[in-house]
Structures are given as structure tokens and as C-alpha cells.
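There are 4 protein chains.
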Amino acid sequence: MVKSFKYVKHMRLKSGMSVGDLAKEMSATGVLGAGKIGEASRLVTEMFSDPDYTVFLTLSGALVPAGFRHIIHDLITDEYVNVLVTTGANTVHDMVEALGYRHIIGSFQAEDRRLRNENIGRIGDVFIEQKAFQALEKWLYKTVEAIPEEKRRRISGAELLSEIGKRIKDKDSILAAAAEKNVPVICPAFVDSIAGFQMWMFGQDKTLRLDPFLDTKTILDKVYDAKRVGIIILGGGVPKHFALFANTFREGVDAAVQITMDRPEPGGLSGASLEEAISWGKVKPKGNAVTVICDATIAFPLIVAAALENLRKK
Amino acid sequence: MVKSFKYVKHMRLKSGMSVGDLAKEMSATGVLGAGKIGEASRLVTEMFSDPDYTVFLTLSGALVPAGFRHIIHDLITDEYVNVLVTTGANTVHDMVEALGYRHIIGSFQAEDRRLRNENIGRIGDVFIEQKAFQALEKWLYKTVEAIPEEKRRRISGAELLSEIGKRIKDKDSILAAAAEKNVPVICPAFVDSIAGFQMWMFGQDKTLRLDPFLDTKTILDKVYDAKRVGIIILGGGVPKHFALFANTFREGVDAAVQITMDRPEPGGLSGASLEEAISWGKVKPKGNAVTVICDATIAFPLIVAAALENLRKK
Amino acid sequence: MVKSFKYVKHMRLKSGMSVGDLAKEMSATGVLGAGKIGEASRLVTEMFSDPDYTVFLTLSGALVPAGFRHIIHDLITDEYVNVLVTTGANTVHDMVEALGYRHIIGSFQAEDRRLRNENIGRIGDVFIEQKAFQALEKWLYKTVEAIPEEKRRRISGAELLSEIGKRIKDKDSILAAAAEKNVPVICPAFVDSIAGFQMWMFGQDKTLRLDPFLDTKTILDKVYDAKRVGIIILGGGVPKHFALFANTFREGVDAAVQITMDRPEPGGLSGASLEEAISWGKVKPKGNAVTVICDATIAFPLIVAAALENLRKK
Amino acid sequence: MVKSFKYVKHMRLKSGMSVGDLAKEMSATGVLGAGKIGEASRLVTEMFSDPDYTVFLTLSGALVPAGFRHIIHDLITDEYVNVLVTTGANTVHDMVEALGYRHIIGSFQAEDRRLRNENIGRIGDVFIEQKAFQALEKWLYKTVEAIPEEKRRRISGAELLSEIGKRIKDKDSILAAAAEKNVPVICPAFVDSIAGFQMWMFGQDKTLRLDPFLDTKTILDKVYDAKRVGIIILGGGVPKHFALFANTFREGVDAAVQITMDRPEPGGLSGASLEEAISWGKVKPKGNAVTVICDATIAFPLIVAAALENLRKK
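Chains as they are written, first to last, in our numbering: chain A, 16 to 329; chain B, 16 to 329; chain C, 16 to 329; chain D, 16 to 329.
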């Protein structure tokens, strides 16, 4: 079974070491979480450096509220990420910041009844003022109204988000960057977001018909066009499933990195292993895949910074 | 702070005791997981017994594959559950069983490459043959074709599932029961399911345009009509968020039971506490809410069986 | 790979059903958490009914504070459990209750600075007054003083706890029941408990020398004498490891049930799978073993009540 | 409640950035996991730079097998850590490496029955050959025999480990470094380790009487002598409890960093929050404390490397 052994190499830490060096030390252990960080850094470097790769990034969880806006923006602008599949919420929080509202450092121990009275919504230990969403509603109304009615008769979530992105002035916006770089922002459950409910209200007055099957087409086009597919999955949910299932149409992705705190045991897709994904044809039998059981706000910046450093050295 | 103490009562187990008796013993501890089971049983009993309650049940995770089909079916048929909000997958697996395919007892340690070769998909330790989905595709094509084209020009996910439900002959089917009892099956991310992809293909040939905003309307109608709202959340994901956010339109639900293995720390909505939901107006400040950190396949049958027993005794 | 399939049977719930019936329904699913509850019930029934089994029960976590006192007491008194391996804390909380102090239903959201001022210690959502430990100290001083000095010159944790147990008058006490039934209460890290620190203080004045190797001998005697070994592991920690490692001296246990919320990924022993235990000779290669990923306060009462019902039917 | 807001600052990643820079970016978010890493880095920097601090490091879980040997060794040698409280296993794996045996990069999916046949033990995805423990047994026998018998009549775990450490030639050994630097290695459950069982066997032939209360004294001496106490808790278990409870004798630690994947909900001490620790007087009411919910093999190297960089800049 174990013919020639490969040994765990102990990490050595140095003051001032680069993130790439740290990832290399972790990689050399080859085991447990640190080893997975090493393997994930290697795979992400491969996805980012090989032009044959179409890279899907899926987002679930409060990543924009958590401080991921620049990271995702830069990955799109620098053309490392080619398709974004996300919850509606992450687009909402990008828009809200584009309007000048900020996420607030709060606390898990906050008194929620009091926050309610003060019109503050809580996301873990992040706070956001409700007035941000009121401003969003007004802005979104005008912005979507400015999209030609013809287009609004049948529009995909991705087109709608692209049209919105084109009209965002904030240069740090993820949606703006995606619109500029023609990176589709696919949001299969866009209706399930604050903006989704606001768009429903818009649709009471004005023309707006979302056609979610157009999003299916958009993602499948990307799948069919790809020479190789790499996927980075942050959290699970609909974005994970939609992106992986779309890739069954090409016999699976070639490389996959999943960062999640969910586990397989309760049976949900969010915690499903990438091994399981092989059985469905979502990941190629010979594909490389690694799951990092870690808070994405810790693991993802570490992995990306290491990959960027590796790229420079290539 | 603690003026008059309420004490932990130690559980006493007896051979042959009923599930309701066990839940009562758990309830009397008042603490940790057992205490939460007790509190959840009490809340579910209240939701099920008070006719003023409109009860929302949200499903995420592999509940139908896990053996929940009769439980959900019966809760609908017996009119305890009034609105179902679900992932597409649970509807797919209900349909597949209605066609005579069965879920197979598998293993977490299965070799996924081999399963792939044998055309078996794995969900945790549940297996399912891919041919079930091929049969589904054929059946779904004919079934949806039988829906008048006029209707197919603009249809909500809930209507589509209701039309499908009407055409299912299996008396154990959740969709069939829901159609019969006029319980809307709301699936905000229906496109993100095997049936969703199959319906996209159908739409290449035939008329089919989903309008997801109609689902928004459907859930909001239920929210506006309700005197009181109770919600039971199994897992998290889009179903949890969509159902809770819809209830902000009436200042929040009155009673909520959440069963999940997700936790608040990583910041995702799936693991968000029901306290946090108060800050958003999803749960009323005076609402009763309990989160049970447990595998839903263990906790939910226990809680429901206890509630059913309590109902009989009322 | 999968030649003859065994199918998932959907659970059917009935008002008034017994816990054994519920466990049977869960068992018939064969998958995920419910399936594991079924398998665990079967294994515990086997351990409890076959007189060849020596049954080890290991306790970590706040089980006595959580309301497990009667359950553990009764399993000892009814001779289902033959060896108890535990953290010191569970013995401390048993003693404190024997002195008439009670655990209080508290809250996870308590203000801990205020509790500190009010001399209340918090364990999750359980409170306990510090005066209970002051009373314990006095009582323990006198009680241990009453043990003949000769014995105190070299005593194992198990003997010390047995001597203490003999002097407890409360008929609900776990230690008293264990002393009466000659069930050793093995506590390899007894010094790491409030009573352990109190015994250290006792040892400043009076003779008391613990010899932890005597506990090694005690557990190994049980291991060597056993025809078959069954082990039930609640939580992980030192009790899990000590009991499992001792059983490597007989090539492993025959049957094992582990209930824990810990997972294998971070590499700690507490979350280690029972499969891993096979590699160490802790579980026999042909042994039956099941891990239930669940809060023990929920799963254990359910499993035990089901097993007791099964026993009656045998 | 929220008068003047502090805002989440989005992370900016740069190729070649140092670990300290990454930690600073994480710190500036102020929220979720990344924010906790930032706070933990700040606290560890404080502990390591202020000479008034006595720093306790507690180890649970497979840290030495996971590649932590150099990190812990260096923290001792560079005098950042003053007291080590550990499971026996981490000392065993340090000794085994000192004897020239290495930990092997294995797999979570290994076939454990086969590993058993090949005399390989598995710890998560780390393998170790059983012959390492046979060699340990021989070496330990001779090594402990070389300790003067007088000392062996009554010896603490810490003294025993110090005597062993003095006799280790490998300059990378944690035990050797600790012996040289007079850092006590406190192991309250030493009997619960492979070496503990081997020492029990030694004690069948030769004189060896462990007195665990001497470990209590050793840790309390450190507690009483400290001007300020900082504690870094990796994993939970007996090491966490013993170190924290000892600090109740000085009204609690001043600063605490806990890295764990365990959570409070099931009620065990391993997952208990550091807030809860305030109620017991383990952490000072005004103490600074942060819990990072993360795999320690990822978070700890990141935090330590950042702290070392901060120290240099001071």
C-alpha cells in the first residue's frame, strides 16, 4: 500500500517571510489543513497561469461584507477569473458599497432587538444600516429603468447584472469590473436577494422579466468553450451546485479548489466532497481537487496571495 | 441576573417510552441540545395546533434521498404545513421516486471513480442510478408538454411544480400531495437542479418561460394572508433566506425552529442564528425561536413525532 | 461494486409511537444521521444483551450538568455498563449534586462578567453556583480524610473515586452506584478537575498520593478479563483515547459506538474516525463500529431508550 | 448602541507580500475569521514582546505529526513560550522523531485494515510505522532507567519529561529545547499516551512512581510567579482546562488566544468560549481574548509568522 514513503516536513517560520514562503512551508507538511492550503495554492497557481483554463469562482456567504471586494475585483480585472457564480447577496453588498455605504465592524454578541430598533442589520459580526438598502432601491429603480425596455422584456440575471455594472461609477466595484471585462456574473437565485425583491417591486410598475434559463445558457456557453476548467468554490449553496452541474456537460472540471466549513456527514451539497462530485461527472476522474475545511476569509486570501507570488516567479 | 433559578432536571429513560415522553424528558433538562429539542417540540406543537398559523417548511440538503418523503408528504396531507420552500433537488428526487426509482443505501467510503463508471451518483452515503434521471427527462418532457402552451409562456416555479404534481400518480409523492392540498412548492433556484437543466433543454424545442418574480408574488401572498407565521427551517441556503426575507414584509415570523449543522462563525446565512434574523425583521422581536444544532435526519423526525403525540393529547 | 441494492426506506411517523419504533424507522433509511442512529441502537442492544460483553462507557463534555445523571446511574445499576472512563468534571458534578446543589438552566448569551460577580460559573447554557464547589471542598476534605491513611499512601484515581462513592448517601449518585456495583470509574486526568485541585490542597496537609499507573492496571485488568468488549464513546478526549488504547492489548474492541460533534479533518483524536482506530488495533478489523455525528444529549438518550425497548422484546 | 462606526476595510493582496502584511490586511477587515486572525496576531505580538508576560502554550491534537515540531521548538528556544501544557501524544511524537522515525504523508481515505496488517498507524492523513513505537519503548526503558532511582520514587510528569529531554540528542527536539530552557512540559494525563503505557510496563520491573499533584504544583508556581499571563490554546482538551483552571488562582489570564474547530453548542470544555472562561475566573474580566475557529495547522503558523514580523518592527 505504502511503498515509498513521502515524509511530513516540519514548517519553519521566519520573521518577514512572504505569504508564498509560508504556503510553501505548509505545502511541505503535506498533511491536514496546512497541507491542503499548500495543495490549493498549487492548483490555483496552475489555473491562473495556464491560459487554457477558464476559471469559475463561486461565492456563497458574506464575502463582500467580510472585506473581499478588492480581492474579487482584482481577480476579475487581472483576468484570473472568467466566470463568477454568486448568491444575490454578494452583488447587493457590492452595489451598496458603490453607493457609498460601508459595512460596519460589529459583534456576534450584539443585542438584535436593539439593532432592529436602530435599523441596523447584522451579518455575523458585520453591521449594515438599513438606509443603505433604501438608497439601493431608489438607485436600482433609476438604473434598471435606464436599460432599454426591449432588453427588459427578457433578460437573464447575468445580463441584468452586467447592465447594472456598466452603470456603476465606483472603480472598486466587482460588478463594474465584471461588466468591463465581460465576465458573466451568474446568479441563479437572484430573486432571493434584497435586490431581487426590489426588482420584483420594480416589475409591478415597469417592464422586467427575468429568464433564468438564459443564465443556464450563459454558463453552458462558457463550459462548452473552455479548453480546461478550473473552479474555486467559496462556501457551497446554489453557486457551487450550478457551476459544478453545468460542468457535467463537458465531463467535469479539470481542477477544483473548495473552501468551506461544511462537512459531508449531514448529506447537503454544500458540504459534499469533491470526490463525491466525481461520481456525478462534475469533476473529471483524473481531475485535481482539494477541499480546505476552513473559514474562507482566512484561507482564500492566503491561497490567492501565495498564488500571485508563484505567478511572478514563473 | 439570575434571581429565581430553574433547575436542570435529569432525564429518566424507560423501555417502551413514547417519543413524546422522550422529548418531555429532554425538555425538562432545559439545556444544550436536548433542551433545544424540547423547546423545538413545543414550538412545532404550537404551530401545528393553532389554526391561526401559516406554517412554512424550508428544505435544503438531501432530505428526500435521506428518507423524508413520507414525513413531508404526511405533513402536507394532514395540513400541518402550508408552504414548502425547497431546493430543486428535493423535488427532483420526489419525482424520481414517483417514477419507480429508488434511493440506494451506499457508503461515504465508496470509490467515486467506479461509481462514475457504473453510472451511479453519490449523495453522502446514498446512491442513485443515473438512469433514473434519464427516465425523468423523458417523463418530464411529456408531462410539461401536456401543460397548455398558454400557461407555459409565463409560469412560476411553483405553478410548474403544481402542474407536475397534478400529473404524478404515485400517492406517496410530495409534489402530488402539495398539488392536491394547494400547498405552493416554491423553489427560487429551480434552474439549479437536474430538472432545471432538463427544462432548459425542453425550452430549446418548446415554449417554456419561467418567471421567478411570480414565485416572489406567491410567497408574499402567503405572507400577507397569514395571521401568524411559523417556520421550520431544515438546513439553510436559498430556501431559508427566501422564506425569512419574504416575512420581513410582515415584520417577521412569530415562531421559528431551525435545524442545521451550520454555525454562525463563518458568516454565511445558512448558519446564521435566529437572533440575527431579528435584526433584519425576519423574526419578530417577541417571536419564539430555537435553533437545534443537529443533523436534521435525527432531530426532525424526533421533533415531529413528539409534536404529533402532543397534538393528540391536547 | 453495487450488485444487489438495498434501498432507502422512507420513515413513517405516528403519534404515540415508541422510541424503539422511531429508531426502527430511522434504521430502515440506512443512510445519513438517521441510519447511524439505527445502527448504533442495534449495536448498543447487542452490547447490553450479550452477557459476554464487557461494556466501557467513556464520558467527555458536560454530561452530568446536561441532565445525564439518571441515565448513567441506571446503566450502571442495571449492569449494562461495566467500566466508566471519564473526565474529572463529570465526577465533580455528580458529587456536587449529591451534596444537594443543582445545575441551573442558564443561557449561552449570559453576560459572563456579571456571572463572575455573582459567583456563578457557566458551562454552555448551564449555570452552577461557586458555593457548590466550596461545599464540595469541605465535604471532600472530610470524606477523603476518612479513608484509611494506609490506603491514601498509594491510591489510584479509580480507588479514590470508589472510596468517595461509598461515602455518598444520595441514591441517584453515579459514583455511589459505581462503588456499589464494583464498576471502576477511571479518570486518567483526575488532577485536571476542580476536585483534583482540591485534592492537591488536601495533599499539602494530609497524606494523599495518587498513582495513575494503578488506573492503567485497573483498565487493563478489565480488558484482559473481557470475552468481548463493547465501547460507547460520548465526546472524545482522554477518556476516548485511554479506553481505546487499553483495548489494543486485546487486539481491539468488538463493537464501538461513538457519538461526537468532532470531525476527523483537523487531526485530533477526539474527531478521529473508528476506521482510523482499526489501523491502531483499537477496534478489531472485523469489529462493528458506528460514529454518530450528533450532540450526545440528543443522540444518546434516543439510542439508549431504543436499546432498552429492544432488550425487553428479546 | 453603535455611536461612531468603525468600518470594514477590504483586503488588498499583493504578490510577494509578507505574512505580516497579510495579517494586517485581515486585521483591517475587523470581522469574521480574518478579523480574528488579525486580533490574534496583535495579542500574540503583545505576549511575545512584553517581558512581563509568562506565556503558556497548550497543545491538543496531532500537532507534532502535522509538522509543528520546529515551530514549537523555536518558540521555546527563542523564549517566547514559558510553559508548555500538552497531551502525552505530542511528546511521544517528538521523541519518535528524535529517534529518527518520520511521519509519513498518508491519506484520509486509506484502507485501515490494510494499514493494520502493514503495522502502520493512521492519524488523519498522517501515517506512522508501529516500529517507531517499539524503538521508543526500548529507548525509553534505557533512558528512564538512567534517571537516578531516588528521583524515580516520586516524580512529576514534567520532571520525567525534563529528564528525558536532557537525554535527547536531536537538536530539533521540543523536549530537549524545553529541558534546556527550563520550560516545564506539563502533561496532566501522561498515562494516557503510548509512552504512558510503556512507562506503566517499566514500572512493573523498575521503580517509577508518577505523582500528578507535583504537576499541579509546577503549574501553580508558574501562575503565582507571573506578572502577567498570556495563553495560546491550540485545540482544547485537558491541556486547555488544566492551564486555564490553574490561572483561576491568580484571577485569570490577561490575554488569551484560542484556535479550535470545536464549538460551544455541545457543551464540552474544548469548544467553550473564552467569554465563558471569564465567568469562572479563568480569564480576567478586563482580559483580552480571541477565539479563532480554524484548523490550527493553518491559523497558528500564520499568526506566529505575523507576530514574529511585528516583533522585529517594534
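Cβ atoms here follow ideal geometry from the backbone N, Cα and C, with glycine treated the same way. Remember, predicted model here, so these are calculated numbers, not experimental data.
Item: Among 194(C), 259(C), 208(C), the one whose alpha carbon lies nearest that of residue 238(C); Value: 259(C)
Item: Contact between the segment 20-34 of chain A and the segment 74-86 of chain D (3+ Cβ pairs under 8 Å); Value: yes
Item: Whole-angstrom distance between residue 323(B) and residue 65(B), CA atom to CA atom; Value: 13 Å
Item: Opening and closing residue of the alpha helix (DSSP H) in which residue 249(C) lies; Value: No alpha helix (DSSP H) contains residue 249(C), which is instead part of the beta strand (DSSP E) from 243-249.
Item: Positions along the segment 69-96 of chain A whose CB lies within less than 9 Å of some CB in chain B; Value: 75, 76, 77, 78, 80, 81
Item: Rounded straight-line distance, which links the Cα of residue 257(B) to that of residue 215(A); Value: 13 Å
Item: Close-in-space but distant-in-sequence residues of the same chain around residue 194(B) (CB under 7 Å, 5 per side omitted); Value: 177, 180, 181
Item: Interface flag, residue 316(C) vs chain B, CB-CB below 7 Å; Value: yes
Item: Where residue 278(B) meets chain D, residues with beta-carbon distance less than 7 Å; Value: 278
Item: For residue 273(C), three-class secondary structure by DSSP; Value: strand
Item: Selection of the segment 292-310 of chain C by Cβ proximity to chain D, strictly under 7 Å; Value: 293, 294, 295, 296, 300, 310
Item: Between the CA atoms of residue 293(D) and residue 296(B) - distance to the nearest angstrom; Value: 32 Å
Item: Residue range of the unbroken alpha helix (DSSP H) whose run includes residue 319(D); Value: 311-328
Item: Closer than 7 Å to chain A by CB, residue 45(C); Value: no
Item: Cα-Cα separation, residue 33(A) to residue 34(D); Value: 5 Å
Item: Cβ neighbours of residue 287(C) in the same chain (closer than 7 Å, five flanking residues each side left out); Value: 279
Item: Residue 236(A) classed as buried or exposed, judged by whether at least 16 other C-beta atoms fall within 10 angstroms; Value: exposed
Item: Residue 197(C) burial status per 10 Å Cβ neighbour count (16 or more: buried); Value: exposed
Item: Assigned secondary structure, residue 33(C) (DSSP; H/G/I helix, E/B strand, else coil); Value: strand
Item: Span separating the alpha-carbon of residue 39(C) from that of residue 328(C); Value: 13 Å
Item: Chain-ordered neighbours of residue 168(A) on chain B, where CB pairs are closer than 9 Å; Value: Result: empty, since nearest Cβ-Cβ is about 11 Å, beyond 9 Å.
Item: Segment limits, alpha helix (DSSP H) that includes residue 180(A); Value: 172-181
Item: Pairwise C-alpha distance: residue 104(B) and residue 290(A); Value: 19 Å
Item: Interface partners of residue 282(D) on chain B, CB under 9 Å; Value: 46, 47, 48
Item: Three-state secondary structure assigned by DSSP to residue 266(C); Value: coil
Item: Residue burial classification, residue 146(D) (beta-carbon count within 10 angstroms, cutoff 16); Value: exposed
Item: Contact with chain A by residue 228(B), beta-carbon distance below 7 Å; Value: yes
Item: Contact residues within the segment 243-268 of chain C, judged by C-beta distance below 7 Å to chain D; Value: 250, 252, 253, 256, 257, 260
Item: Residue burial classification, residue 161(B) (beta-carbon count within 10 angstroms, cutoff 16); Value: exposed
Item: Beta-carbon proximity list for residue 222(C), same chain, < 8 Å, skipping 5 on both sides; Value: 164, 167, 168
Item: Span separating the alpha-carbon of residue 281(C) from that of residue 309(D); Value: 9 Å
Item: Contact check, residue 246(A) vs residue 148(A), beta carbons under 7 Å; Value: no
Item: Min CB distance residue 121(B) to chain A below 7 Å; Value: no
Item: Selection from 305(A), 248(A), 301(A), 112(A) that minimises the alpha carbon distance to residue 131(B); Value: 301(A)
Item: Straight-line gap, residue 319(A) to residue 129(A) (C-alpha atoms, nearest Å); Value: 38 Å
Item: Under 7 Å by beta carbon: chain C residues contacting residue 118(B); Value: 22, 23
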